[in-house]
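Enquirer: Going by the numbering used here, the sequence shown opens with residue 1, and the numbers climb by one from there. Glycine included, each C-beta is placed from N, C-alpha and C at the ideal position. Quick one: the structure is below, questions incoming.
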Amino acid sequence: MKAMRLAEAASSPTTLVEASIPAPQPGPGEVLVRVSAAGVIRTELNWYPTTHTKAGATRTGAVPAHEFSGTVAAVGEGVHDFTIGQPIFGMNDWFQQGALAEYCLALATSIAPAPLTLTPAEAATVPISALTAWQGLFYRGHLHPGDRVLIHGGAGGVGLFAVQIAHLHGAHVIATASPANFDFIRQLGADEVIDSRGARFEDFIHQPLDIVFDTIGGDMLLRSLPLIRPGRFAVTITSDHEASTDPRIHEAFFIVEPNQRQLMEIAALIDTHKLRTFVDAVVPFAEANLAYTGSPAKRLGHGKLVVAVAQP
Ligand SMILES: NC(=O)c1ccc[n+]([C@@H]2O[C@H](COP(=O)([O-])OP(=O)(O)OC[C@H]3O[C@@H](n4cnc5c(N)ncnc54)[C@H](OP(=O)(O)O)[C@@H]3O)[C@@H](O)[C@H]2O)c1
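Spelled out as structure tokens, the structure:
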């Protein structure tokens with residue numbers, strides 16, 4: 001099968017090159033996915049699982065992109081809840097070969113039927129971003145209706161889902177973003193918007209917060225801690241604080257995990273038009289490198305970059 005993988009030459013480790021590699025076979029509990037589209041996280045090329053194996057050895061030739069839409073091409077032993085040809089979306093393990101390839105493997109429990117109302121490119125933007133927002137708000141932030149929630153980076157790939165999900169759940173949503181994105185995030189449900197790059201956001205928060213969800217990094221979380229009501233929660237998804245010795249910062253960090261039931265709940269919200277996703281640009285497979293290292297033309301300005309792996 002054709003795949004885009006990291007160059008093996010040490011001189012260009014973050015360049016993607018097209019290669020022909022053997023198609024994988026599904027093992028027990030796994031599904032072979034014929035990939036339609038893959039969501040792009042630009043920083044992924046430098047992440048530990050991209051450059052290392054689970055055992056800690058150097059990894060070369062990794063195929064990136066761990067969220068995708070596609071159809072079921074084959075199922076492994078013990079998989080009974082998917083049929084061949086069924087449209088699905090989901091994610092796979094960071095250490096596995098990703099979805100910039102005609103086929104990829106995923107655990108059946110890490111995928112779900114694709115939303116009926118989305119194109120394959122739209123569906124590929126959802127799994128990692130929406131699951132991250134969902135898990136951050138409900139499982140790390142213990143979100144309740146009426147909570148005051150501050151979302152840093154509310155117009156970003158994860159942030160736009162966090163704003164919508166918190167709003168849907170009855171929270172009072174305050175989001176930081178660039179002023180050019182204020183109208184966009186207000187439309188998604190933000191009650192208050194604050195310039196993330198200009199004035200001190202702290203000066204605009206006048207009552208204690210229940211949850212701070214940081215998608216930007218830097219000092220945003222540290223500066224937010226004094227604003228949180230005692231006993232409530234700070235959440236961050238950036239690894240900027242990994243070395244922090246502050247237990248509140250350390251406990252705030254989490255990494256998204258695949259979850260079929262949550263994907264199904266998210267798909268239901270999308271199909272009932274309660275939750276929206278956005279495609280920044282669709283990049284052809286042959287130009288996947290551009291999606292990671294350059295700036296594709298015709299960007300819409302919101303949402304994720306997507307690589308079209310199969311011809312629609
Ligand atoms: N831990 C996990 O499981 C997990 C999962 C998914 C993503 N991530 C990580 O989380 C981060 C966010 O992901 P994403 O997909 O939402 O990224 P994204 O789409 O690039 O959004 C990030 C947002 O941050 C804002 N921003 C960027 N640089 C800024 C700066 N210097 N000052 C103020 N605001 C700034 C931008 O807002 P404006 O455009 O409005 O300025 C942007 O919309 C990334 O680092 C990603 O790798 C982690």
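1) In chain order, what residues of the same chain lie with their CB nearer than 6 Å to the CB of H172, ignoring the 5 residues before and after it?
2) Please go through the same chain and pick out, in chain order, the residues whose beta-carbon is closer than 6 Å to the beta-carbon of I151, but skip the five residues on each side of it.
3) I need the DSSP call for P22, collapsed to helix, strand or coil.
4) So the candidates are Q207, E8, I165, T215; which of them puts its Cα closest to the Cα of G189?
5) Which of helix, strand or coil does DSSP assign to L116?
6) Of the choices P113, E102, E18, whose alpha-carbon is the least far from that of A268?
7) Smallest Cα separation from S178: which of F201, N289, V33, L168?
8) Could you tell me how far apart the beta carbons of K304 and T83 are, in whole angstroms, since I believe they sit closer than 8 Å?
9) Three or more C-beta pairs under 8 Å: does that hold for the region 51 to 63 against the region 291 to 309?
10) Would you check if the region 33 to 41 and the region 87 to 105 touch, i.e. whether three or more CB-CB distances between them fall below 8 Å?
11) Measure the alpha-carbon distance for F182 versus A108 and round it to whole angstroms.
12) What span of residues does the alpha helix (DSSP H) with M220 cover, start to end?
13) If we ignore side chains and look at the alpha-carbon of each, how far apart do D195 and L227 end up?
14) Does ligand 1 have even one heavy atom less than 8 Å from the beta-carbon of K304?
15) Which residue wins for smallest C-alpha separation from G301, given the options V279, S129, L222?
16) Can you say whether A80 is buried or exposed, counting buried as having 16 or more other CB atoms within 10 angstroms of its CB?
17) Out of G157, F95, L168, point me to the one whose CA is closest to I237's CA.
18) Applying the criterion that 16 or more other CB atoms from any shown protein chain within 10 Å of the CB defines a buried residue, is T71 buried or exposed?
19) Alpha carbons only, please: which of L45, A180, Q187 is nearest the one belonging to G198?
20) Using the Cβ count rule (16 or more neighbours within 10 Å means buried), how would you classify N92?
21) Using the DSSP secondary-structure output, state which residues sit across from R261 in a beta bridge.
22) With DSSP collapsed to three states, give me the class of D191.
23) Determine the direct distance from the alpha carbon of Q311 to that of D219, and round the result to whole angstroms.
24) Need the endpoints of the alpha helix (DSSP H) that V163 sits in, please.
25) Starting from T132, trace the alpha helix (DSSP H) in both directions and tell me its first and last residue.
26) Would the C-beta of I151 count as close to ligand 2, meaning under 8 Å from any of its heavy atoms?
27) Rounded to the nearest angstrom, how far is the Cβ of V40 from that of V306, given a contact under 8 Å?
Expert: According to the structure data:
1) R148, D191
2) Once the five neighbours on either side are set aside, the close Cβ partners of I151 are G159, A162, V163, A175, F213.
3) coil
4) I165
5) coil
6) Among P113, E102, E18, the Cα nearest to that of A268 belongs to P113.
7) F201
8) Not really, about 28 Å apart at Cβ, beyond 8 Å.
9) Output reads no: the region 291 to 309 does not touch the region 51 to 63.
10) yes
11) For F182 and A108, the distance between alpha carbons rounds to 39 Å.
12) 220 to 224
13) 17 Å
14) yes
15) V279
16) The sequence given here places His at residue 80; Ala does not occur at that position. Classification of H80: exposed, given that the 10 Å Cβ count is below 16.
17) G157
18) buried
19) The shortest C-alpha separation from G198 is found at A180.
20) buried
21) DSSP lists no partner for R261.
22) coil
23) 43 Å
24) 159 to 168
25) 127 to 134
26) Looking at this structure, you won't find ligand 2 anywhere; what it does contain is ligand 1.
27) Contact flag correct, Cβ pair sits at about 7 Å.
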